[in-house]
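Protein chains in written order, with my numbering: chain A, 2 to 98; chain B, 5 to 210; chain C, 710 to 1723; chain D, 253 to 669. Each residue gets a CB set at the ideal place from its N, CA and C atoms; glycine is no exception. Please read all numbers here as calculations on a predicted model, not as lab measurements. These notes concern the structure reproduced below.
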Amino acid sequence: MLLIDCPYCGPRAEVEFSYGNEAHIARPLQPEALDDDDWADYLFMKTNRKGVMLERWVHSHGCRRWFNVARDTVTYEILAVYPMGAKPPKLPERSYL
Amino acid sequence: MPEETLRLSALASLGLAAHAVAARAPEQGIALRELPLPALLNLRLDPKETAAAKAAARTLGLLLPDLGQAGLAKELVAYRLGPDEWWIKMEGPAAALETKLRAALGDSHAAVTEIGEGWAQIEVSGPQARSLLAKGCPLDFHPRAFAIGEVKQSLLSKADAVYRLISDDDDASGALFEITIRRSFADYAWRWLADAAGEYGLAVLS
Amino acid sequence: MAQRFRLSDGGLIDRKTTLSFTFEGRRYRGHPGDSLASALLANGVHFVARSFKYHRPRGIFAAGAEEPNALVQLGEDARTEPNLRATQIELYDGLAANPQHCWPSLDFDVGGVNDRLARFFPAGFYYKTFMWPASMWMKYEAVIRQAAGLGKAPSEADPDSYDKTFAHADLLVVGGGPAGLAAALAAARSGARVVLAEQDARLGGWLLSAAGVEIDGQPALEWVAAAEAELQSLPEVTLLKRTQCFGVYDHNFFALNERVSDHLPLAARDPRLPRQRLWKLRVKQAVFATGAIERPLVFRDNDRPGIMLASAAETYVRRYGVKPGTKAVVFTNNDGGYGAALALHRAGTKVAAVVDLREAPEGPLTAAAQAAGLDIFAGHAVIGTDGGKRIAGCRIAPLDESGKRAFGGGTPLDCDLLVSSGGWSPTVHLFAQAKGKLVWDEAQACFVPGDPGRPEQRSAGAANGAFDLTTGLEQGHAAGLAAAAAAGFKSKGRRKPAPPKAAGDGTMGFLPARFLYLVPSDRPLGQGGKHFVDLQNDVAASDLQLALREGYGSIEHVKRYTTTGMGTDQGKTGNVNAIGIVAEQLGRPLPEVGVTTFRLPYTPVTFGIFAGRDVDDLLDPVRTTPMQTWHKSNGAVFEDVGQWKRPWYFRRPGEDMAAAVQRECKAVRDSLGLLDASTLGKIDIQGPDAAVFLNRVYSNAWSKLAVGKCRYGLMLGEDGMVMDDGVTARLGEWHYLMSTTTGNAAAVLAHLEEWLQTEWPELKVYLTSVTEQWATLQLAGPNACKLLSRFTDLDLSPEAFGFMEVKTAEVMGVPARIFRISFTGELSYEINVPASYGQAVWEAFMREGETYGITPFGTETMHVLRAEKGFIIVGQETDGSVTPLDLGLEGLCSKTKDFIGKRSLARPDMALPDRKQLVGLETEDPSEVLPEGAQLTESVPETPTPASPVPIAGHVTSSYMSPNLGRSLALALVKGGREKLGQRLYAPLADGRTLACKIVSPVFYDPEGEKMRA
Amino acid sequence: MRTRYNVFSLARNAMRHHADWPKAWRSPEPKSSYDAVIVGGGGHGLATAYYLAKEHKLTNVAVLERSWLGGGNTGRNTTIVRSNYLWDESAALYEHAMKLWEGLSQDLNYNVMFSQRGVLNLAHNQHDLREISRRVNANRLNGIDSEVLDAKGVKDYCPAIDLRGGGRYPVLGASLQRRGGTARHDAVAWGYARAADALGVDIIQECPVEGFRISNGRVQGVQTGKGYIEARKVGLVPAGHASVLAERAGFRLPVTSVPLQALVSEPVKPVLDCVIMSGAVHAYISQSDKGELVIGAGVDKYVGYGQRGSLPVTEETLGAICELFPIFRRMRMLRNWGGIVDTCPDASPILSKTPVEGLYINCGWGTGGFKATPGSGHVFAHTIATDRPHAINAPFSLDRFRSGYLIDEHGAAAVAH
């Protein structure tokens, strides 16, 4: 069970959190201006990174705040935690086949 | 005002009074007590909006506590639950304070909501209180990790719960926690705690 | 019966107390401190089990968790437990164990015929046959299934209880042997919170069966006792005996299984205590001091009862005071094996020979054995054994230099015990579970921890390949200090603490050795006799070779094809031998062949501890409303809606469900009903941007809703599918109250918070759940207004309080919010009162409402009434694949603003004419009720169960008998349905009937809404 | 050249101490060029190669496996086979597979131990009952055997179950597909491998694909750990690693790869003679021929390529098993493992052409791909061979995420009202 460092409450057990998949996908400002391919890309397509993934979590059984996490999806090591709206920190590239 | 006697607590159906005692026997490791129906206000504001924060603090008569802390003032306790969220617990009805807070906050972006009816509070005390809570909650209750006056939200098995450590004596009386549970989960939480306390010996306090 | 093989002194058993137990119904005696295995051996019982495949007689092979053979069925009736290792069962008075996997008895087992046919059952034989005729497979399979399995599952519900707990510490030390004790002491003295977990009932590890070992100048066991006492005295140390750390999870999270009561006689078990406990432990640091497991030598017919590991024999002599045989042959490839020879010799067992693969045996124990005058056969091997239900003898022969060939047919030796030692394998399971890299230690021929997967996890002692005691203690001590320091605890005192010091003969590890994974015999492999590698699953070296011959070349393929290492012991003694044999056969270096993946648990773990007390009525919270007590005492039958219990209908004496629902439906339409709607989600929305927010999350428009007004809202996912619906009221300038469906209350709040926090943080809106703040009483029916007026001063006239309006008022003096909204189609008020008053107000309504025949009604009646109105229920008319257009609700999709899901509705396939659309259905026979879930066709299929697909036109989502309409009605989703009003459809049912029906409008009752607006 | 497996060859070889069995498949070095390359040597990939060779006479084919064949989800799943899916499109796909399962051992001459012991999906509340009725009715019209059992019927079919389930989630009924059951997972991979190899397919293990050579929008070949291999048709069957390969080919997929775990108990004598699945309490269970209870757990809900599950999921799953089967509370977990499952937003797979010409993808099976193995391989082979989807897999295109024609098999939506 992961130990996730909530930026507000500190390190807490994974069972207190819910997952929000990939971070930094902005909703198009004018959805109707998008063609079907671009809309499908926004709506469904995922990076699904094997390596360091920038993703969103919410402390659903704690402070109920959303935040971003940089996590290695192979080792599950958490490399950084940062608030919503913040830019991701510089992180080492990790590549797995 | 309507009559208090019309009110039913969330645990009324358990009939706890029938086997409640005044004090825990020494061989019992745990005491549980249903606390009176809480009067609670939910206060939302961004503490960076200093005017609003100051107005709220003035009205409440305390400095808004930091995350994970409870702040005490005359006749009320403020629990910080999130970066922009507090609970205010008080004796007696919350409506008057709600009105005062709203007035003080004026047009600031803030929200004040009465929520006490939706929650129930259970007091867990005794030398085994920490061991008992650890069975259902992933928080670390060790005195090095959870100090008097701290407030943490987490789980009690499958229910959301807010934990506050009120006192912690080294002698045989042990720690005393207040646990706040959603009303419809209170019956479950009580039965869960009572079952888990079985191996320590359980007293139900009046 | 006398314990004929019990030594008169020595060991850690209490000879003053005698315990009585049974095995296969026969009564035996043992002592406290015995395992079931040691007690059986003390009584001369070696033959205790039958093997999985060939049903060969098997004996006690090991003395601990690695035991492959001696599996027994412990206990009886509801408390029976299959497949327990006799070597780990602590003996208690009254223990009853039975052999398993044999019939009619252990001694005479019909399954033993398999052994005679073994040549037809090589690895994987079942893949090659039982295919003809195809129809017979299930019959063959039934026989195979009956022959497989080991013990029997209980056939009654488990009467015991289980516990689980979270725990936290700075350091977990796994293993209470010398290295683990040194680690725990070093760390605990610094003040760190330490958990020490030991699988055994006693601390000490291999010291419990060691001879002539001193630590810090004390006899080893006295040092252990002192260490235990010190650890007990430290307040931040948790000592967990009988506790197996079985799993390593991410982020330093560990799972441990504590056996709390299993070791006690039934009558002595405290009913308040759980049987076992799961510890879910989060630590900052961990030390694995898990010791090592001895490997047997793989020689021909190496599986007979009376053949065991050398270290096991030593343990039985020294720890348990048991002589495991009268005449022993010791077969070893290393110096350590001589420890067993010496122990047996001193216990009075005649050591007929020490057969040593090494050409020139040497080492401290070898020297001691030589000094003791034991017969040593250097450069020799055991090339075969004799005996049936007990080994009777063996043959030994010299080997050539390569070790691949034995000279001659061998010299026979009589014996009733044969012990072997082929080297040691560090118990690296936890390290490997944690993704640590194993490296091959060529000198010691074993996998040892290399690069750790996680720097916070250290290995020490034998688990780390350090087999000599001095190094083990040093490593444990250093690991404990380092772990404590990393967790923020410096050692106290000015002097650098020193590790415990060891002295004595038995402290030097097991080298030197000559490693040989397959001991040759006088016949080619697989041609007579078997070299067993996996004793439990009857996998022989010839099976491994067959797998390779057939191209199953990866070690994982070998494992799966032959099942080696897949038994309940997971190959603890056999796996490295298997890898060695495969490597030799492939001509590749052993580390290149590699290990199979180490998976948790280290040893099998009882299901019950994972559930803990979260079973039966604590499985899942039961959520009830403030009026629950009233419902229960007034005939309510409940329906599960998520975690909630909602009154489904209220049964009067003599009524069935249909009658009750008909009565309730009539009452609401004709006079007055009362529904508990407290479970509907309620979200308080405050802030200057609340209206903007609602505009984005609902498909319909909210800008113009006036204060005091209510509006129905439809909420979509971004994929355009209907997600939820409900009425939202504007309570103030910046203040709204949203209602949600019961099942989606939490999901909707989470959805709203997600958008607010992650996408629109600039919006000034706060959301607060007030679902449970309020009890919601819905008064519905023509007399609703009349009753309500008795409780409030509020002007309820239609002019003062119109449809879709909200008012704040006192009801019975209780502050309330009253919503004039309707889901039933009747005049209706939803009265919200603070939850604690809910039941009092409900009871008052019921009392006063008698005048109008007020009738409490449940969800079923609510469903019928709303279906008459054609109102949808999210989750019934919708299933995550239904759009507002499908429901005919395009009017609720704003053309002028963007909202979540809007763009998705414009995708090309959203407007396909054959999408399923909401319609009403009327059966041709008005008394027939279509079953919900019935599928619809446009023509009558030849049979209700056609052999090939019949086009499906749609399905019935809701269907009821309506007492108000005097006929049945149904809602359905039908392909292109709105264009097909009047068309006939058919519902072919499983019972053979086909019901005909007609597509109609989904609104059956009061289409203009006059009643609810009245 | 190939020894047929049957009781006679077994007996004959027994007399020769099994010394003469030929290899089940060769271990060739890759050629520099193939007509088609299949990336991924699991069940679906091997089946694809087999049907390419058998049905489309495309035998100059290589299967490239990064590790050992059958070592991915094929070797880790709980082996349940059923075809009782809700939507017509899914029903057609899984029933196509079911029909192939029914003759697979004979077709492959390898006993895959397909055992039609029946699959029950339990209903614990009114909503479940409604959904079961809907699905069973749809199944029957789609030519799939399917029936509704009441609670007593469930108990008769599965005596080990406790209908009260501790009282919290009593069993109210179930759907039953009698033709459903289990198969021996490893045997499926090995059987297809042996049969494909016999038809000339090269199975190349330890051969990771590192990239693609694409020019003018068309695939030319694949770069592998064993060098460049030319191929004008490349079928990707990479399961959990679909996104990783798609990224290297320059397109994106709507899949999320999450850890799924499963576990087995120690083996016991027969006690459970059918497959039990419960969505409400999240568990599925059967008993293997060896006697182990085979239990499928839920997924961890985050992207994870770690091939391991977390403890809370195990707790939830075994909690559910203890509830449905109080007699199993004393049984013991022998082994717990994890795999990587690639899930689609609509819980249906992708069997499709891709934006790259000549490159085809088969992925998104989520937790349920094993049951589809023969059907998936069969229609995917058709897609690769003809450059056109088979009628059965046409709806399972990548394009559906653009057009909105999703096939939402999440089953029951959240319970509302």
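Cβ of residue i within 9 angstroms of any chain C Cβ
i: T569 of chain D; result: yes
i: C526 of chain D; result: no
i: L35 of chain A; result: yes
Residue i, buried or exposed, once every other Cβ within 10 Å from all chains shown has been counted against 16
i: L1690 of chain C; result: exposed
i: A412 of chain D; result: buried
i: H379 of chain D; result: buried
i: N1173 of chain C; result: buried
i: P980 of chain C; result: exposed
i: T9 of chain B; result: exposed
i: A14 of chain B; result: buried
i: T1449 of chain C; result: buried
i: H1186 of chain C; result: buried
i: L98 of chain A; result: exposed
i: L47 of chain B; result: buried
Pairwise C-alpha distance: residue j and residue i
i: E1183 of chain C; j: G1170 of chain C; result: 8 angstroms
i: G1237 of chain C; j: D1012 of chain C; result: 14 angstroms
i: L1074 of chain C; j: Q908 of chain C; result: 29 angstroms
i: K283 of chain D; j: D402 of chain D; result: 58 angstroms
i: D879 of chain C; j: C954 of chain C; result: 16 angstroms
i: P578 of chain D; j: T1312 of chain C; result: 22 angstroms
i: A1052 of chain C; j: R1027 of chain C; result: 7 angstroms
Closer than 9 angstroms to chain B by CB, residue i
i: P983 of chain C; result: yes
i: H877 of chain C; result: yes
i: Y97 of chain A; result: no
Spatial neighbours of residue i in its chain, beta-carbon cut-off 7 angstroms, leaving aside the 5 residues before and after
i: Y192 of chain B; result: A163
i: R431 of chain D; result: M350, Q368, D397
Same chain only: Cβ atoms within 8 angstroms of residue i, ignoring 5 sequence neighbours per side
i: C64 of chain A; result: C7, Y9, C10
i: L859 of chain C; result: F761, L780, P791, N792, Q809, H810, T1277
i: E661 of chain D; result: Y337, L338, W339, S342, D598, A599, S600
Contacting residues, own chain, Cβ-Cβ under 6 angstroms from residue i (five flanking each side not counted)
i: H634 of chain D; result: H642
i: Y99 of chain A; result: In this structure chain A extends from 2 to 98, so residue 99 of chain A is not present and cannot be described.
Cutoff 9 angstroms: residue i Cβ touching any chain A Cβ
i: E462 of chain D; result: yes
i: T1467 of chain C; result: yes
i: G1162 of chain C; result: yes
Checklist entry - In chain order, which continuous runs of the beta strand (DSSP E) of length 3 or greater are located wholly inside the region 1181–1265 of chain C? => result 1211–1213, 1241–1243, all fully within the region 1181–1265 of chain C.
Checklist entry - At which residue ranges does the region 1120–1185 of chain C contain complete beta strand (DSSP E) runs of 3 or more residues, listed in the order of the chain? => result 1120–1123, 1126–1130, 1133–1135, 1147–1150, 1155–1158, 1166–1168
Item to check | Uninterrupted alpha helix (DSSP H) stretches inside the region 1003–1043 of chain C (no shorter than 4 residues) | outcome: Taken in chain order, the complete alpha helix (DSSP H) segments of 4 or more residues contained in the region 1003–1043 of chain C are 1019–1027.
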